[in-house]
Amino acid sequence: MASHAPNLDQIAFNCIGHRGACGYAPENTLSSFELAIAMGCPWIELDVYHIDGELLVIHDDTLDRTTNGRGYVMDQSVAYLRSLDAGDGQQIPTLTEVIELIDHRAGINVELKGPDTGEAVVSLIHSYQTMGWHADEFLLSSFQHQELERVRTLDQELKLGALFGRATDNLVEKAQQLDAYAINLGKRLAQKQLIDKAHEAGLRVFVYTVNVAEDIAQMLRLNVDGVFTNYPDRIFTLIGEV
Ligand code: G3P
Ligand code: MG
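Below, the structure is given as structure tokens:
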């Protein structure tokens with residue numbers, strides 16, 4: 006068993022399993038993360054909400070699409086959320102369960118999706134660091150840049166990914182102000198000029214969500230540092246062909 010997840014700095018083109026391998030398994034479930042690792046992903050991505058002191062792994066702010074529950078995630082008790090079926094009879098996982106499952110076999114990109122997640126995630130990671138996990142086995146990302154600012158005030162070592170879904174002025178400068186390691190871009194934003202500028206600024210560039218061969222090939226041409234994908238096998242097939 007590896008004692009350290011593959012280091013982001015040493016992966017030329019990263020295949021990051023988006024919500025696990027959610028093209029093939031219920032998203033953000035333990036089976037989806039296990040499948041992503043089985044398919045060869047060196048890193049996986051997941052989304053977290055912070056409810057009553059617990060970090061739960063789910064993407065939407067409502068339950069309807071991915072579970073048999075109803076209503077807003079933040080309005081529910083942990084007991085109710087944990088009683089739901091998130092696909093194939095699985096519970097909505099806690100972040101702790103995912104870290105235990107991964108067990109250093111992959112790096113973990115925790116996307117801070119819900120409100121007030123940064124501090125709780127840092128606290129959990131710190132507790133795992135006392136058990137032999139390294140800061141660089143995690144990447145913390147968010148569209149809510151104030152959460153990343155909060156993380157940085159609490160921890161100067163953890164790698165940060167500044168998420169951008171829409172075009173914005175001074176994107177690279179904003180990421181630099183956050184002391185980010187990477188910019189994580191929506192596919193439409195992945196243009197050569199921006200990618201080159203980010204690289205010149207010392208930032209890595211990861212792009213979501215890249216699922217079809219044409220887009221994968223384009224990202225390789227653009228020299229991005231990795232992609233989030235629902236179909237990890239497609240990335241490895243294509244990389245093997247170039
Ligand atoms: O972190 C990359 C990607 O997951 C961001 O968008 O909506 O899939 O969480 P979303
Ligand atoms: Mg996400």
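So in the working numbering, spot 214 of the sequence shown is number 219, and the numbers just go up one at a time.
Glycine is no exception: its CB is placed at the ideal position from the N, C-alpha and C atoms.
None of the values given here were measured: they were computed from a predicted structure.
Chain-ordered list of residues that sit, by beta carbon, closer than 5 Å to a heavy atom of ligand 2 = Result: Asp-52, Glu-116.
According to the neighbour-count rule (16 or more other Cβ atoms, all chains shown, within 10 Å of its Cβ), is Asn-235 buried or exposed?
-> Counting from one through the sequence shown, the residue named residue 235 turns up at place 230. Residue environment: Asn-235 is assigned as buried (16 or more neighbouring CB atoms within 10 Å of its CB, all protein chains considered).
So, using beta-carbon positions, are Ser-146 and Asn-114 closer together than 7 Å?
-> Translated into positions along the sequence shown, residue 146 becomes position 141. Translated into positions along the sequence shown, residue 114 becomes position 109. Contact flag set, yes.
Distance cut-off 6 Å: Glu-32 Cβ against heavy atoms of ligand 1 = The residue labelled residue 32 in the question sits at position 27 within the sequence shown. The beta carbon of Glu-32 sits no closer than 6 Å to any heavy atom of ligand 1.
In this structure, does DSSP put Val-217 in helix, strand or coil?
-> Residue numbering aside, residue 217 sits at position 212 when the sequence shown is read from its first letter. Reduced to three states, the DSSP call for Val-217 is coil.
What runs of the alpha helix (DSSP H), each 4 residues or longer, lie entirely inside the region 52-111?
-> The qualifying runs are 83-88, 100-107.
Is any heavy atom in ligand 1 found nearer than 6 Å to the beta carbon of Phe-241?
-> As a working mapping, residue 241 is identified with position 236 in the sequence shown. Checking every heavy atom of ligand 1 against the Cβ of Phe-241, none is found closer than 6 Å.
Can you tell me whether DSSP reads Thr-242 as helix, strand or coil?
-> Residue mapping note: residue 242 aligns to position 237 of the sequence shown, counting from 1. Thr-242: helix per DSSP, three-state reduction.
Pick from Glu-116, Ser-88, Leu-86, Gln-95 that is closest to Arg-24, judged by C-alpha positions = One-based indexing of the sequence shown puts residue 24 at position 19. When only C-alpha atoms are compared, the closest one is Glu-116.
Segments of 3+ residues assigned as beta strand (DSSP E) that fall wholly inside the region 18-58 | Taking 3 residues as the minimum length, the beta strand (DSSP E) runs contained wholly in the region 18-58 are 19-23, 48-56, in order along the chain.
Taking contact to mean at least 3 C-beta pairs separated by less than 8 Å, is the region 18-35 in contact with the region 206-221?
-> Yes, the region 18-35 is in contact with the region 206-221.
Where Arg-209 falls: helix, strand or coil (DSSP) | In the sequence shown, the residue the question calls residue 209 occupies position 204. Correct three-state label for Arg-209: strand.
With DSSP collapsed to three states, give me the class of Glu-162.
-> The count along the sequence shown starts at 1 and reaches residue 162 at position 157. In the three-state reduction of the DSSP assignment, Glu-162 falls in the coil class.
Expressed to the nearest angstrom, what Euclidean distance is found between the alpha-carbon atoms of Gln-81 and Val-126?
-> Looking up residue 81 in the sequence shown gives position 76. Looking up residue 126 in the sequence shown gives position 121. Val-126 has its alpha-carbon roughly 20 Å from the corresponding atom of Gln-81.
Answer yes or no: do Leu-100 and Leu-40 have a C-beta to C-beta separation smaller than 7 Å?
-> As a working mapping, residue 100 is identified with position 95 in the sequence shown. As a working mapping, residue 40 is identified with position 35 in the sequence shown. Between Leu-100 and Leu-40, the gap from beta carbon to beta carbon reaches 7 Å or more.
If you count every other CB in all the chains shown that lies within 10 Å of the CB of Arg-171, and 16 or more means buried, which is it?
-> In the sequence shown, residue 171 corresponds to position 166, counting from 1. Looking at its Cβ environment, which holds fewer than 16 other Cβ atoms inside 10 Å, Arg-171 is exposed.
Which residues DSSP lists as bridging Glu-154, in chain order | Taking the sequence shown and counting its residues from 1, one reaches residue 154 at position 149. BP columns for Glu-154 are empty, so no partner.
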